[in-house]
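Okay, so here's the structure we're looking at.
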C-alpha cells in the first residue's frame with residue numbers, strides 16, 4: 050500500500066480517487082485499528098524510500114510517517130529519534146514536494162506525539178525555524194501549524 054503514495058493522479062482524476070489519496074486513507078484507517086501490524090511495514094518503507102533517487106518515493110516516505118502518527122503513536126514514540134531523522138532530513142530536500150510532505154508530517158507529530166516530541170526540541174526547533182523561510186507557501190503553512198502545536202505543548206509542560 051505504501052508505494053501507492055508515490056503514484057501521481059491524472060489531471061482529470063477526482064482528488065478522492067487519486068491513488069496516493071486513497072492509499073493514505075487506507076493506511077490511516079489501518080494504523081488506527083492495526084497499529085502493531087502497520088507501523089513496522091511503514092517504518093521499513095519510510096527508511097528505505099527516504100534514500101530513493103525518486104523524489105516521489107522520498108515524499109511518500111514522510112507522508113506515510115505523518116499519516117500513521119495518530120494510529121501508531123505508541124509505537125512511533127519508541128522509534129521517535131529514527132523517525133525524526135527521516136522527517137527532519139526531508140525538510141532539507143531539494144524538492145519542494147518532499148519538503149511539503151515533511152512539514153505535514155512534522156505537524157502531525159507535533160499534534161499526536163506529545164509529550165515525547167517536546168524532548169527533541171534541540172533538533173526540531175532549528176528545523177522549524179529554517180522551514181519558516183522556505184520558498185514554498187505550502188511548507189510555510191504546514192510548518193507554522195507544526196510550530197503552533199509544538200509551542201502549545203511546550204508551554205503546558207514547562
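Numbering (this note's numbering), first residue to last: 50 to 207.
Glycine is no exception: its CB is placed at the ideal position from the N, C-alpha and C atoms.
Distance, residue j Cα to residue i Cα
i	j	result
residue 111	residue 89	14 Å
residue 93	residue 200	30 Å
residue 183	residue 189	6 Å
residue 133	residue 154	10 Å
residue 137	residue 106	16 Å
residue 73	residue 52	10 Å
Exposure of residue i, with buried meaning 16 or more beta-carbon neighbours within 10 Å
i	result
residue 191	buried
residue 102	exposed
residue 180	buried
residue 172	exposed
residue 125	buried
As assigned by DSSP and simplified to three states, the class of residue i
i	result
residue 146	helix
residue 156	helix
residue 164	coil
residue 121	coil
residue 183	coil
residue 102	coil
residue 70	helix
residue 197	helix
residue 79	helix
Beta-carbon separation (whole angstroms), residue i vs residue j, contact threshold 8 Å
i	j	result
residue 117	residue 76	6 Å
The ligand SAH heavy atom lying under 7 Å from the CB of residue i
i	result
residue 153	What this structure holds is no ligand at all, so the ligand SAH is not there to describe.
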